[in-house]
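For reference, the structure discussed in these notes is given below.
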Amino acid sequence: MKKYLMGLSILIFCASAYGEVIDLGEKNIYSETGFEKNLRNSTTSPFIITSKDIETKGYTSVSEVLDSVPGVNIQEGLHPAVDVRGQGYQKAKATVQLLVDGVPANMLDTSHMNVPIDVVNINEIERIEVIPGGGAVLYGSGTSGGVINIITKKYKGNNNVRGGVGYQVGSFANNKFDVSAGTSVGNFDFDVNYSKNRKHGYRDYDFTNSDYFSGRINYNISKTSNIAFKYSGYRDKYTYPSFLTQKELDDNRRQSGNDKEAKENNRIKKDEFTLTYNTKIGDKNDLNILGFYQKTDIPSESIEDYTTEYKGMLAGQAAGLRAALRNPMLPPRARTAMTNKLNALLTELRSTNNVDFKTVSQFKDTKKAVKIKDKFTYDNAGSNVVVGLGYTDNDMVRVSKMELVGKRVMADTKLDLTKKTFEVFALNTFKVNKFELIQGLRFENSKYDGTRRNNTDTLDIKKSKDNWAGSLAVNYLYSDTGNVYAKYERAFTSPAPGQLVDKVETATNVYTYKVNNLKSESTNLFEIGWNDYLFNSLLSADIFYAETKDEIATIFDGGRPNAHGTAFKSTNLGKTRRYGFDLSAEQKFEKFTFREAYSFIDTKILKDNSKSFEGKHIADVPKHKLVFSVDYDITSKFTVGADYEYRAAAFIDNANKNGKDKAKSVFNLRADYKLTNSLNIYAGINNIFGAKYYNSVGVSSGERIYDPAPRINYYAGFKYKF
1 MKKYLMGLSI LIFCASAYGE VIDLGEKNIY SETGFEKNLR NSTTSPFIIT SKDIETKGYT
61 SVSEVLDSVP GVNIQEGLHP AVDVRGQGYQ KAKATVQLLV DGVPANMLDT SHMNVPIDVV
121 NINEIERIEV IPGGGAVLYG SGTSGGVINI ITKKYKGNNN VRGGVGYQVG SFANNKFDVS
181 AGTSVGNFDF DVNYSKNRKH GYRDYDFTNS DYFSGRINYN ISKTSNIAFK YSGYRDKYTY
241 PSFLTQKELD DNRRQSGNDK EAKENNRIKK DEFTLTYNTK IGDKNDLNIL GFYQKTDIPS
301 ESIEDYTTEY KGMLAGQAAG LRAALRNPML PPRARTAMTN KLNALLTELR STNNVDFKTV
361 SQFKDTKKAV KIKDKFTYDN AGSNVVVGLG YTDNDMVRVS KMELVGKRVM ADTKLDLTKK
421 TFEVFALNTF KVNKFELIQG LRFENSKYDG TRRNNTDTLD IKKSKDNWAG SLAVNYLYSD
481 TGNVYAKYER AFTSPAPGQL VDKVETATNV YTYKVNNLKS ESTNLFEIGW NDYLFNSLLS
541 ADIFYAETKD EIATIFDGGR PNAHGTAFKS TNLGKTRRYG FDLSAEQKFE KFTFREAYSF
601 IDTKILKDNS KSFEGKHIAD VPKHKLVFSV DYDITSKFTV GADYEYRAAA FIDNANKNGK
661 DKAKSVFNLR ADYKLTNSLN IYAGINNIFG AKYYNSVGVS SGERIYDPAP RINYYAGFKY
721 KF
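The opening position of the sequence shown corresponds to residue 1 in the UniProt record's numbering, with each subsequent residue numbered one higher.
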């Protein structure tokens with residue numbers, strides 16, 4: 001299978017050189033420097049998904065879009081996780097940075113929360129740029145895996161009323177409604193968007209009901225200056241099923257896996273305000289100032305009937321007291337106390353009142369930031385330097401509480417922590433003849449301050465950390481369309497505030513919390529890449545090697561990483577290695593358009609302080625991913641298409657003891673018909689052959705547990721634009 005995939009990827013890559021002329025237009029990228037840049041001047045091999053790609057393939061979420069990108073893996077399910085270049089889903093929370101119009105979306109508590117990727121209306125997106133393994137100088141901590149920048153639509157200078165409406169239905173009673181409207185009046189541009197997504201998932205108890213709204217006001221000060229204010233809000237109410245055992249999976253893969261019904265109240269609330277100023281100062285200076293306020297709140301509450309378990313616990317205590325009272329040597333005072341306690345237990349056992357078990361968790365993340373960057377072009381060849389500085393105040397609150405309602409509190413924990421970061425960077429591009437020499441340097445200072453409360457014990461946390469990132473690259477423009485580059489980049493990931501505290505066993509079953517000396521991890525990346533237009537077809541290839549030193553991991557009781565236990569500590573494990581390559585191509589043959597992409601990655605844990613994982617592969621990282629799509633224009637108005645995605649199986653734990661999950665091999669079909677220039681209808685079938693695979697596979701009590709992915713499913717809808 002491996003030889004077949006390699007041969008196929010090379011064959012389709014080479015075939016692109018024999019395609020007909022296809023007008024892709026001028027390809028630009030924005031996320032590499034923060035300013036518009038031609039792709040042939042790029043020292044990355046980015047993947048760019050446009051709004052046209054999104055519309056053509058009927059995507060309903062950002063996670064669906066990213067799952068189609070080679071080198072990117074998505075773990076679907078509750079709060080989908082995204083991974084770029086083999087970080088592993090757990091690690092990628094901290095090492096893959098998601099941006100929306102340059103605003104970071106990652107939560108500060110990366111030790112627990114996935115990056116919230118599905119909080120943007122898919123129809124508001126102009127393009128998504130994925131930069132694998134790059135961006136440390138411009139974006140700072142948490143970019144060793146890569147950067148994903150979602151760029152939304154920004155209308156300007158059209159005095160006509162514009163807008164659209166769309167509706168989509170799908171399998172499992174899915175319904176999605178979108179509406180947008182805007183206009184320009186004088187120097188002002190006004191736009192609003194609203195999206196409603198109500199869907200039941202493939203499995204029982206999988207449900208989400210979300211609303212998204214955004215509004216933008218832009219004022220064009222001049223032809224080269226503008227200031228824009230935008231608000232976006234997201235609300236979601238959801239439930240999600242449990243993992244299934246092998247027996248439950250065999251009996252009914254769509255069941256919830258919940259032993260008993262619980263009253264749940266799970267929500268996501270996100271609000272974001274941004275103010276952006278862009279101007280050109282003379283002919284050589286481009287200035288961008290961004291200020292934003294972002295607040296994310298994810299509360300969750302579950303109440304279930306615990307009467308049977310509670311009375312079973314009381315009955316056990318009563319039996320123990322009866323046995324103790326049969327001891328004739330028991331002192332009178334102790335006998336009286338035990339008798340009183342037994343009578344109280346018996347009274348409680350006779351009670352007909354129900355007893356509820358309540359769990360409460362809450363994750364809050366608040367960001368306030370100002371970021372300034374300026375691009376100065378200092379010679380006639382186009383050499384330029386981008387300099388920037390910024391300040392971010394990021395607060396997090398994590399609450400966890402378990403109680404028998406009206407009886408006793410079993411656990412009550414609260415983390416209230418702040419990370420304040422000052423950043424300064426410079427990225428220089430010197431152009432001489434056909435060469436571009438790029439140098440970049442970044443410095444960050446982060447101050448941590450806060451408390452951790454566990455029941456009645458409180459621990460103060462204060463830390464300060466300095467970090468730096470750097471890059472060196474050479475880009476050779478060997479033709480009018482092509483370039484080849486080589487680069488080195490040093491990236492870093494600073495600890496999440498919650499990782500600065502360990503829970504230590506000081507005596508048998510006696511625990512205390514202590515502040516540790518965790519270091520930031522650093523990654524050295526080496527990459528060679530190539531981009532070109534051949535017969536107006538964009539081709540890209542890259543090969544990379546990355547080593548991470550002092551990789552951060554949280555070890556629970558028994559030395560198990562990322563598995564909850566009684567005591568835990570965060571530590572710098574040692575060294576990990578990732579290497580691989582990416583290929584992508586596109587061709588047009590008469591009415592056919594083909595797109596192919598293939599990614600290979602190999603990972604290994606080189607050093608581990610506990611020696612438990614040395615020589616093992618990193619969990620959740622498939623070696624191969626192949627994406628192939630074809631579109632056929634039956635007429636100028638009617639297009640049909642098909643997609644194929646293959647994702648190899650991956651180890652489900654870092655010890656590699658529990659084997660691999662199942663490979664994903666899925667075919668999708670779609671069709672789009674343009675009734676008028678404004679109205680089109682579309683439909684599609686996903687996983688047309690009903691392949692069985694899993695969103696996630698884990699291990700519990702030594703046995704595998706599964707979250708099954710949907711088999712064959714359908715969708716259809718319309719879009720009207722004016």
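Backbone N, C-alpha and C fix where the C-beta goes; we use that ideal spot for every residue, glycine too.
Residue range of the beta strand (DSSP E) that includes residue i
i           : result
residue 132 : 125 to 132
residue 402 : 384 to 404
residue 65  : It is not in any beta strand (DSSP E) - residue 65 instead sits in the alpha helix (DSSP H) that spans 62 to 67.
residue 228 : 226 to 239
residue 98  : 96 to 100
residue 551 : It is not in any beta strand (DSSP E) - residue 551 carries neither H nor E in the DSSP assignment.
residue 729 : Because the chain spans 1 through 722 in this model, residue 729 falls outside it and cannot be assessed.
residue 338 : Unbroken run through residue 338 is the alpha helix (DSSP H), 332 to 350; no beta strand (DSSP E).
residue 471 : 457 to 476
Between the CA atoms of residue j and residue i - distance to the nearest angstrom
i           : j           : result
residue 625 : residue 46  : 16 Å
residue 21  : residue 585 : Residue confidence is low: residue 21 scores 39 on pLDDT, short of 50, so the model does not pin down where it sits. Its coordinate-derived value is still stated next. Going by the C-alpha atoms only, they are around 14 Å apart.
residue 89  : residue 467 : 24 Å
residue 703 : residue 391 : 47 Å
residue 328 : residue 335 : 10 Å
residue 434 : residue 39  : 15 Å
residue 101 : residue 65  : 17 Å
residue 109 : residue 313 : 36 Å
residue 494 : residue 423 : 13 Å
residue 576 : residue 551 : 7 Å
residue 497 : residue 148 : 23 Å
residue 250 : residue 243 : 13 Å
residue 728 : residue 647 : Absent from the structure is residue 728, since the part of the chain shown begins at 1 and ends at 722.
residue 261 : residue 202 : 18 Å
residue 560 : residue 409 : Low confidence applies here, because residue 560 scores a pLDDT of 42, under 50, leaving its location unreliable and the question unanswered by this model.
residue 98  : residue 289 : 19 Å
residue 24  : residue 36  : Reliability fails at residue 24, whose pLDDT of 34 lies under 50, so the model's placement of it is uncertain and the value that follows must be treated cautiously. Each residue's Cα considered, the two are about 17 Å apart.
residue 83  : residue 104 : 16 Å
residue 134 : residue 683 : 37 Å
residue 618 : residue 231 : 39 Å
residue 710 : residue 692 : 8 Å
residue 338 : residue 320 : 10 Å
residue 499 : residue 414 : 14 Å
residue 565 : residue 301 : Confidence at residue 565 is low in this model, with a pLDDT of 49, below 50, so the placement of that residue is unreliable and no value is reported for it.
residue 171 : residue 254 : 14 Å
residue 196 : residue 62  : 15 Å
residue 177 : residue 641 : 24 Å
Residue i versus the options, residue with shortest Cα-Cα distance
i           : options            : result
residue 213 : 490, 122, 478      : 122
residue 117 : 142, 143, 80       : 80
residue 455 : 512, 281, 374      : 512
residue 514 : 460, 481, 313      : 460
residue 582 : 137, 97, 543       : 543
residue 629 : 126, 490, 587, 151 : 587
residue 129 : 178, 163, 28, 120  : 28
residue 721 : 182, 300, 443, 44  : 182
residue 603 : 610, 614, 277      : 614
residue 547 : 492, 150, 189      : 492
residue 247 : 238, 257, 240, 241 : 257
For residue i: DSSP bridge partner residues
i           : result
residue 646 : 626, 665
residue 253 : Paired residues: none, contrary to the question.
residue 299 : 362
residue 190 : 183, 217
Endpoints, alpha helix (DSSP H) assigned at residue i
i           : result
residue 54  : 51 to 57
residue 316 : 307 to 325
residue 679 : Careful: residue 679 lies outside any alpha helix (DSSP H), inside the beta strand (DSSP E) at 679 to 686.
residue 711 : Run containing residue 711: none; DSSP gives neither H nor E here.
residue 139 : 136 to 139
Closer than 7 Å: residue i CB and nearest the ligand GTP heavy atom
i           : result
residue 684 : Among the components modelled here there is no ligand, and therefore nothing to report on the ligand GTP.
Within-8 Å CB hit, residue i to chain D
i           : result
residue 711 : In summary, chain D is missing from the structure at hand, where a single protein chain is found.
**Three CB pairs or more closer than 8 Å across the region 136 to 156 and the region 395 to 409** = In the pairwise beta carbon analysis, the region 136 to 156 is classified as not touching the region 395 to 409: fewer than three pairs are separated by under 8 Å.
**Message:** Across the region 350 to 359 and the region 297 to 311, are there enough close Cβ pairs to call them in contact, namely three or more that are closer than 8 Å?
**Reply:** These segments touch.
**Request:** Take every Cβ of the region 263 to 274, pair it with every Cβ of the region 340 to 347, and state whether three or more of those distances are shorter than 8 Å.
**Result:** These segments do not touch.
**Prompt:** Do the region 526 to 535 and the region 594 to 610 touch if we need at least three Cβ pairs shorter than 8 Å?
**Reply:** Between the region 526 to 535 and the region 594 to 610 there are fewer than three C-beta pairs closer than 8 Å, too few to call the two in contact.
**Prompt:** Counting pairs of Cβ atoms below 8 Å between the region 471 to 485 and the region 436 to 453, do you hit three or more?
**Reply:** At 8 Å Cβ cutoff, the stretches touch.
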